[in-house]
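See structure below.
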Amino acid sequence: MKRADRIMEIFDGCGEELFSALMSSGTERAAGIDRTVQLFQDLSDRIFLPRTVSAAYRVMSKRAAKLKWSPGEPSDRFSLTYSECQRIEKKLREYVASGGRKSRVTRKIITAAAVFTAAAAGVFLVVRQVTSEEYLRRLTEYYIIINAEESSAEEIVFSVTLREGQKPLMLTHLPTLILTDKSGEMSFTAAADRELALNGEEPDPRSLCDTEDRELRITAADYGHSFLPGHYKAVFDLCLQDDPSHEPIVTITKELDV
Numbered sequence: 140m141k142r143a144d145r146i147m148e149i150f151d152g153c154g155e156e157l158f159s160a161l162m163s164s165g166t167e168r169a170a171g172i173d174r175t176v177q178l179f180q181d182l183s184d185r186i187f188l189p190r191t192v193s194a195a196y197r198v199m200s201k202r203a204a205k206l207k208w209s210p211g212e213p214s215d216r217f218s219l220t221y222s223e224c225q226r227i228e229k230k231l232r233e234y235v236a237s238g239g240r241k242s243r244v245t246r247k248i249i250t251a252a253a254v255f256t257a258a259a260a261g262v263f264l265v266v267r268q269v270t271s272e273e274y275l276r277r278l279t280e281y282y283i284i285i286n287a288e289e290s291s292a293e294e295i296v297f298s299v300t301l302r303e304g305q306k307p308l309m310l311t312h313l314p315t316l317i318l319t320d321k322s323g324e325m326s327f328t329a330a331a332d333r334e335l336a337l338n339g340e341e342p343d344p345r346s347l348c349d350t351e352d353r354e355l356r357i358t359a360a361d362y363g364h365s366f367l368p369g370h371y372k373a374v375f376d377l378c379l380q381d382d383p384s385h386e387p388i389v390t391i392t393k394e395l396d397v
């Protein structure tokens with residue numbers, strides 16, 4: 140006999156009696172029905188079902204007592220309606236068909252594993268993002284403030300400062316200027332003898348960048364010719380001040396008009 144049919148057979152034999160015993164202890168009707176369903180579900184989860192209806196009733200009574208539901212003596216005052224019996228039978232058949240408690244536990248394990256996997260993947264992505272070069276570059280860019288204060292054919296003045304929390308930086312060289320117009324772009328770099336003199340012992344004061352608001356003036360003489368009128372991009376390469384290799388760690392581009 141199928142397990143669901145055997146459970147229905149036991150329910151037909153003692154379901155009303157069990158419900159009545161539960162109700163005799165002062166249980167609300169809705170709670171009595173729910174507890175009856177749960178006791179039969181617990182019974183269906185057993186590996187071996189009791190051989191007789193009376194044995195099954197005793198098993199469920201002991202289970203109810205263990206749950207502190209205190210089943211009393213069955214009474215004719217309490218009985219299930221036809222529709223209530225139908226609803227209980229439907230729930231029990233669905234429960235048995237779903238695999239019962241074992242299936243619930245398996246689903247919980249699978250769900251927990253899925254949540255853990257998703258959380259682990261999220262942590263991995265966050266860690267990767269936080270430690271990625273792109274993220275660190277953007278974070279460093281946030282801490283660097285460069286503004287074009289003045290501009291003319293002979294001189295462009297920038298203000299350079301760092302936010303609190305950023306390690307002191309240095310400019311590796313004067314900014315590269317890129318003039319953009321309808322015909323394209325033209326790049327200008329400082330003459331070799333006018334570039335920043337970078338060395339660890341005596342850095343060029345113009346190269347230093349910290350939380351002090353510093354002024355960086357670049358002149359036409361630095362680049363060998365006057366600044367043509369138009370729209371420019373000024374590209375700054377910066378390194379850590381205490382890095383003797385002077386390898387740039389971030390590039391900042393500012394736009395300005397001359």
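Using the working numbering, read the sequence shown as starting at 140 and increasing by one per residue. For every residue, glycine included, the Cβ atom is placed at its ideal position computed from N, Cα and C.
Helix, strand or coil for residue i? Go by DSSP, reduced to three states.
i                 : result
serine 163        : coil
leucine 178       : helix
arginine 168      : helix
phenylalanine 150 : helix
glutamate 288     : strand
arginine 333      : helix
valine 192        : helix
arginine 145      : helix
valine 397        : coil
isoleucine 401    : Nothing about residue 401 can be reported from this structure: the residues present for the chain run from 140 to 397 only.
threonine 245     : Bear in mind that a pLDDT of 47 at threonine 245, under 50, signals an unreliable position, so the number given afterwards is only what the model happens to contain. Three-state DSSP puts threonine 245 in a helix.
Mark residue i as exposed unless 16 or more other C-beta atoms lie within 10 angstroms of its C-beta, in which case mark it buried.
i                 : result
proline 213       : buried
glutamate 288     : exposed
methionine 199    : buried
methionine 400    : The structure shown does not extend to residue 400, since the chain is modelled only from 140 through 397, so no value can be given for it.
leucine 219       : buried
glutamine 268     : The predicted position of glutamine 268 is uncertain, since its pLDDT is 49 and thus under 50; a value taken from the coordinates is nonetheless stated next. Per the 10 Å Cβ criterion, exposed.
aspartate 361     : buried
tyrosine 432      : The structure shown does not extend to residue 432, since the chain is modelled only from 140 to 397, so the question has no answer here.
phenylalanine 187 : exposed
What number of angstroms, rounded off, separates the C-alpha of residue i from the C-alpha of residue j?
i             : j              : result
alanine 331   : arginine 302   : 31 Å
arginine 185  : alanine 169    : 25 Å
arginine 356  : isoleucine 285 : 12 Å
arginine 145  : cysteine 153   : 12 Å
glutamine 380 : leucine 337    : 10 Å
proline 368   : alanine 292    : 7 Å
valine 389    : methionine 309 : 11 Å
glycine 363   : arginine 333   : 9 Å
alanine 143   : glycine 165    : 30 Å
glycine 304   : tyrosine 282   : 8 Å
threonine 191 : glutamate 167  : 29 Å
glycine 323   : threonine 358  : 23 Å
lysine 141    : cysteine 224   : 20 Å
Excluding the five sequence neighbours on either side, which residues of its own chain have a C-beta within less than 6 Å of the C-beta of residue i, listed in chain order?
i             : result
threonine 311 : Asp376, Cys378, His385, Pro387
valine 299    : Ile285, Cys348, Arg353, Leu355
proline 325   : Looking at the sequence itself, residue 325 is methionine, so the reference to proline does not match. Around methionine 325: Leu318.
Which same chain residues end up closer than 7 Å to residue i when comparing Cβ atoms and leaving out the 5 residues on each side of it in sequence?
i             : result
glutamate 228 : Met147, Phe150
arginine 202  : Leu178, Asp181
leucine 157   : Thr175, Leu178, Tyr196, Met199
Cutting at 8 Å between CB atoms, please list the residues of its own chain near residue i, excluding the five before and the five after it.
i              : result
proline 458    : Because the chain is modelled from 140 through 397, residue 458 falls outside the range shown and cannot be assessed.
tryptophan 208 : Leu161, Ser164, Thr166, Arg174
Contained beta strand (DSSP E) runs [length at least 3] in the segment 365 to 393, N- to C-terminal order
370 to 379
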